[in-house]
Each structure stands twice: as C-alpha cells, then as structure tokens.
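With my numbering as the guide, the letters of the sequence shown map in order to residues 9 to 427. We put the CB at the ideal spot given by N, CA and C, even for glycine. For clarity, every value in this text was computed on a predicted model and none was experimentally measured.
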Amino acid sequence: MMKIDLLHTPEGVRDIYSDECARKLVIEDRMHKKIRQYGYRDIETPSFEFFDIFNKERGSVESKYMYKFFDRDNNTLVLRPDLTPSIARCAAKYYSDEQLPIKFCYNAKTFINNTSYQGRLKETTQIGAELIGDDSIYADAEILSMVADVLLDNGLKEFIIEISDVNYFKGLLIEAGIDHMAGELRDLIQEKNYFGVGELLKSSGVSDAQAKKIMSLTTLFGSGDVLCKARSLTDNETALKAIDRLEKIYELITKMGFAKYVTFDLGMLGNLDYYTGITFRAYTYGLGDPIVNGGRYDELLRQFGKDTYAIGFSITSEQFLLALERQHINVSIGKPDTMVLFDPEFFELAMGIVREHRMSGMNVNCIKRDTDKQMDNYLEYAKCNNIGGILYVGDTDNLTIIEVADGKQTSVKISEIMN
Numbered sequence: 009m010m011k012i013d014l015l016h017t018p019e020g021v022r023d024i025y026s027d028e029c030a031r032k033l034v035i036e037d038r039m040h041k042k043i044r045q046y047g048y049r050d051i052e053t054p055s056f057e058f059f060d061i062f063n064k065e066r067g068s069v070e071s072k073y074m075y076k077f078f079d080r081d082n083n084t085l086v087l088r089p090d091l092t093p094s095i096a097r098c099a100a101k102y103y104s105d106e107q108l109p110i111k112f113c114y115n116a117k118t119f120i121n122n123t124s125y126q127g128r129l130k131e132t133t134q135i136g137a138e139l140i141g142d143d144s145i146y147a148d149a150e151i152l153s154m155v156a157d158v159l160l161d162n163g164l165k166e167f168i169i170e171i172s173d174v175n176y177f178k179g180l181l182i183e184a185g186i187d188h189m190a191g192e193l194r195d196l197i198q199e200k201n202y203f204g205v206g207e208l209l210k211s212s213g214v215s216d217a218q219a220k221k222i223m224s225l226t227t228l229f230g231s232g233d234v235l236c237k238a239r240s241l242t243d244n245e246t247a248l249k250a251i252d253r254l255e256k257i258y259e260l261i262t263k264m265g266f267a268k269y270v271t272f273d274l275g276m277l278g279n280l281d282y283y284t285g286i287t288f289r290a291y292t293y294g295l296g297d298p299i300v301n302g303g304r305y306d307e308l309l310r311q312f313g314k315d316t317y318a319i320g321f322s323i324t325s326e327q328f329l330l331a332l333e334r335q336h337i338n339v340s341i342g343k344p345d346t347m348v349l350f351d352p353e354f355f356e357l358a359m360g361i362v363r364e365h366r367m368s369g370m371n372v373n374c375i376k377r378d379t380d381k382q383m384d385n386y387l388e389y390a391k392c393n394n395i396g397g398i399l400y401v402g403d404t405d406n407l408t409i410i411e412v413a414d415g416k417q418t419s420v421k422i423s424e425i426m427n
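Right under this line is the structure:
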C-alpha cells in the first residue's frame, strides 16, 4: 500500500490560509450583508442528512457524485451536495402553516465527489438565498436583481446572467410527442450539440419540422430578440407561457436597472432535475464554469409536504474569488494589524499596552522578542502578516514605534500611549 504523505490533502480539497483566506472571508461577509439587505434571514442545516433528502426523486445531484456513509443504525447518510433540498425539508418542517413568503440566506459547505479528470474542487463554499412561497414574476425579478447587485457590490463589473425557462423545452417536446425523451435530449442541447440532437431525433421518428424546432434550442441564445424568435417557432401553450414569463421578468429587471447584465439562452436547461421554471447562471470572463447557479423549483417542497413554490440561487465562493484574481480586482482585507513586541522583563507593561489597544478595537499580535532575532526578522514577519506597525516595549518609560512600510522608527513616552 502506498504511503500517504501526511502533509498533503486528499484530491479535490485544499487549504486556504493567510491573505487568501482573509479575502475569502471578506467577500463572503460582504455577500451575506448584501443579501440580508433584501430581508433574507440566516439558516443553517446539517452538513449531513439522510440519503432520501437527496435521492433521485428529489432531482438533486446524481447519487454517484455523493459522499455516502452509514450511521450506527445502518441508515445511509450523505454529506450534503446541495443546500436547496435541505432548506426545503427545513421549511416544510418548521414553516408548514406559513402563508406569506419565507426568505432564507446561507453560507455553507457542499461536498460533491467530482471525477478526477474534471479538476474541480469537491468541497466548496456556497453563499445563497431561497425565496419560498411566492410564484410571481416579482419574486423571479428580485432574485435575479439580487444576484446582479451582489456581484457588483463585490467588485465584479463584467458579467452576464443567462436566463432560460425549462418549460419552453418541455413545451416543444410535448408538441412533438416525445416528452419521454427529455432526459436523453437535455445534455445534448446544453452542450450545444446541434448534430447530436438531430441524430437522436432522427432515430425517434419525429417529423423534420418538429426536429428543426427542437434542434434550434442549441442556437437560441442572445439578447431579448431571441424571445421573439422562440415565440415564432411554436404554438404550444406551455412553451408560449414560458416566453410570456421571460418577457415580463425582463421588463421588471429593466425597470430595476439591471437589464445590461441579462441575456437569454433557451438551451440552458439547468444542471438539476428539480428545476421547474426559470433557470439562470452567471458567467464572467476568465472562467469556463458559472459563478452563480439558480432557478425555480416549485415541486420540491411538495415532496416534503408543503404545497408551495420556491426560487433560489447559490454563488460558489471559490469560483468568485478566482474570477476576481484573474481580472486583477483587488479585495481589501481591512486595516492592518498592530504588533506589540516586548522583552520578557517588560511583560506586564506590554500587556497593559496590548489591553488598551484591543479595547479600542484594534487587532494586536503580541510577540516576545528573542535575543537571537534581529529587528529585520520581525519587520519581514510583519510584512507577511498584514501588520502595519510594531510597538516595541524594551524600556520602562519609552516605546519604539516602527512603521513596517519603510522601517522608520519613532520613540514616544509610554505614558502618552496609555493616555
């Protein structure tokens, strides 16, 4: 058996530390605050749940991509691959009689056992929101505008939110009499595999006219004009209602000032089977994968016993940070810390200075000076640890203040600092 290096992490997970971790926490906190401004309240669900919460009937992540294990009673448990089913379960349990909209937000880990060749993280941080109990276009518009607002508030200026509605796809299949082929066609259409879709439809015996309509889903993307073209392709009521809804949502988003960030892709059918209406993804340059995924899932809560509607989204924190890095967008990690460096004989005096500074709200890194270390060693340490200044306590009466940026030193009376 090959010996595992104890310093390595398993494939698909990684350590995040120092300034990168600080930036991640800053971004996540800022996203959370922006979502809270929309009236969403925090929710936490367990990191693992019973397998049935995420099984095939729920339409969540495929079973083969889940981390499964057993408890002492031989129940199959799963590390959550997706927050939405967990929140749906929770809402159905604790808000079963609530008739007005329920708004949740979260910051939590998900675990998906992606295949090795994909090169994706298997543990990611999701920041998101769920709006439960409102099936209106206004709920859809709020969620979409919130996505744009959150991205803008965190420094991202160039991004696109692609919107679709799975009911348009369903309507075309119903019209052609092949709605039973939805699963086979879904992946080919999302991959924009025009000829692959054509070959599959040819073998199904569908008419050439109907086949062309369905094949057009691989090319129906772009500005609002796409909706006009999509409308002209069908008379199916389900499909036309989907276009009507998208047009109304777009009108609302325009009034809210976010239309420039929105485009349409009617071949985007969602990566999860529980989506029942609009779906959307946000992309930015420098990344192939979306930084935001979301959509409407009006049937999911009913599976847990609450007859209501819902829509939500999640932002992958790690993907978002990578986008900022590749676009050279700086994330400020706040004001620098202060270091109090002291000689052992002045420990009590140093503790008084540390206490005063911490009580004033400052972050203070307190370190005993080693005689075998030069001041340059501590300056280098400070530069690597977001420390702006060093207060050196090496005297009963005087304190040496050292500016980390240029090494400039100033001596002041300790009594002045304490007062």
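Checking the DSSP bridge columns, you'll see Glu138 partnered with Phe112, Gly320. Per DSSP, the continuous alpha helix (DSSP H) segment holding Ala99 begins and ends at 91 to 102.
Restricting attention to Ile409, Lys117, Thr287, the CA atom closest to the CA of Phe56 is found in Lys117. Remark: C-beta atoms of Ile51 and Tyr114 approach each other more closely than 8 Å.
In its chain, beyond the 5 residues on either side, Ile299 have a beta carbon closer than 6 Å to the beta carbon of Phe328. The criterion of a C-beta distance shorter than 8 Å is not satisfied by Thr408 and Asn371.
The secondary-structure analysis by DSSP pairs Met367 with nothing; it has no beta-bridge partner. Here Ala99 is near Leu309, since their CB atoms are less than 8 Å apart. Counting along the chain, Ile261 sits inside the alpha helix (DSSP H) bounded by residues 245 to 264. Contact between the stretch 162 to 182 and the stretch 202 to 209 is absent: fewer than three C-beta pairs spanning the two stretches fall below 8 Å. The C-alpha of Leu277 lies about 14 Å from the C-alpha of Ser224.
CA-CA distance, Cys236 to Leu160, rounds to 29 Å. By the beta-carbon neighbour count (other beta carbons within 10 angstroms, threshold 16), Asn338 is exposed. C-alpha of Gly191 to C-alpha of Asp281: approximately 9 Å in a straight line.
In the assembly as shown, Tyr293 is an exposed residue. Its beta-carbon has fewer than 16 other beta-carbons within 10 Å. For Asp143, no alpha helix (DSSP H) encloses it, and the DSSP letter there is neither H nor E. Look at Ala290 here: in three-state DSSP terms it is strand. Beta-bridge analysis with DSSP links Asp50 to Cys113.
Residue pairing of Glu170 in beta bridges, as defined by DSSP: Thr271, Arg289. By the neighbour-count criterion, in which a residue is buried when 16 or more other Cβ atoms sit within 10 angstroms of its Cβ, Gly213 is exposed. Assignment of Ile35 by DSSP, reduced to helix, strand and coil, places it in the helix class. When DSSP states are grouped into helix, strand and coil, Tyr305 belongs to the coil group.
Around the beta carbon of Phe78, a 10 Å sphere encloses fewer than 16 other beta carbons of the protein chains shown; the residue is thus reported as exposed.
A straight-line Cα-Cα distance of about 7 Å links Asn162 and Arg38. Here the alpha carbon of Asp142 sits roughly 35 Å from the alpha carbon of Arg31.
Taking a C-beta distance under 8 Å as the contact criterion, Ser325 and Gly302 do not qualify as a contact pair. Met74 places its beta carbon less than 8 Å from that of Pro89. Judged by DSSP in its simplified three-state form, Gly278 adopts coil rather than helix or strand. Separation of Ser240 and Lys221 (C-alpha to C-alpha, rounded to the nearest whole angstrom) is 10 Å.
Assignment of Asp345 by DSSP, reduced to helix, strand and coil, places it in the strand class.
The alpha-carbon separation between Gln218 and Glu307 amounts to approximately 28 Å. For Gln417, no alpha helix (DSSP H) segment is defined; the enclosing uninterrupted segment is the beta strand (DSSP E) at 417 to 421.
Thr17 sits in coil when the DSSP states are folded into three classes, being neither helix nor strand. With respect to Ser153, Asp273 sits apart: the two C-beta atoms are not nearer than 8 Å. Proximity of the stretch 176 to 191 to the stretch 245 to 256 meets the contact definition, three or more beta-carbon pairs being nearer than 8 Å.
Burial check for Lys263: the Cβ neighbour count within 10 Å stays below 16, so the residue is exposed.
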